[in-house]
Amino acid sequence: MSYYYLLQISLVLVLTILLPSYCSSMAVEVCVKAAVGAPNVLGDCPFSQRVLLTLEEKKVTYKMHLINVSDKPKWFLEVNPEGKVPVINFGDKWIPDSDVIVGLIEEKYPNPSLIAPPEFAPVGSKIFPTFVSFLKSKDPSDGTEQALLDELKALEEHLKAHGPYVNGQNICSVDMSLAPKLYHLEVALGHFKKWSVPESLSHVCNYIKLLFERESFKKTKAEEKYVIAGWAPKVNP
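Here the sequence shown stands for residues -25 to -1, 1 to 212, numbered as in mature numbering (1 follows the signal peptide of the UniProt record, and there is no 0).
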């Protein structure tokens, strides 16, 4: 068997092993919301940021497309007729829904694992809807503020027992979901209602600080002015 034949066989084996992995990582594309009034700047969608956070924490190489949701490009609507963001493409088709997307990212890129224990999956899940209700409320006595405080207190108790993150010392998928929503809560309520998370919820305050200090979060967050611009029409329709 000649030297050149062995060399060819070796090259084929190397390409067979390494090329699919390389192509897979390079093929990942993700469409996310562009900023309101600034189509070339990352926008304020918390679900888009959740996907970007997951990709960043797993150090997946990806190409990001910013989508102006008020003037969606033709190519985007052709591949994604519903026009919703985020959507992701691992090389063969576009897939919507942040829940589905982060599940697929975990499946395709299992290390580092961001899987949360099943019993922790619901932690903080009602914070975002109660925040939105309080943000939109014009009646101080309608109970929306208390409803939000109750959800934050429930998170406080969980973090007190299991913190500093939802699953202890290691960040997980629940944190990836909560981080953008807590950012919107802080920015929007601070701006429109001069409201902030009570300091008495010390574990929640520390949790927010830890999340916001992560490099992945800094890289994927929208500027505060774009978060405010995104909520303004909903607060004052």
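Quick reminder that beta carbons are idealized off the backbone N, C-alpha and C, glycines included. For clarity, every value in this text was computed on a predicted model and none was experimentally measured.
- Taking 8 Å as the upper bound for CB-CB distance, L110 and V172 are not in contact here, some 14 Å apart.
- Short of 8 Å from the beta carbon of E190, and not among the five residues preceding or following it, lie these beta carbons of its own chain, in chain order: E31.
- For the 9 Å CB-CB criterion, D150 and V162 do not form a contact.
- The residues A122, L123 and E126, in chain order, have a CB closer than 6 Å to that of T105 in the same chain once the five nearest residues on each side in sequence are set aside.
- When rounded, the separation of the alpha-carbon atoms in V26 and K113 is 32 Å.
- Going by beta carbons, I90 and S148 fall inside the 9 Å limit.
- According to the DSSP assignment, E4 belongs to the beta strand (DSSP E) that extends over E4 to A10.
- DSSP lists C6 and P71 as the bridge partner or partners of V62.
- Excluding sequence positions up to five before and after A197, its CB lies within less than 6 Å of the CB of L17, G18 and D19, all in the same chain and listed in chain order.
- Minimum Cα-Cα distance from A2 among the listed residues I102, G99, I80 and K194 corresponds to I80.
- The C-beta separation of F187 from L28 comes to about 12 Å, leaving the pair out of contact by the 8 Å criterion.
- In this model, P14 and K209 are separated by some 20 Å (Cα to Cα).
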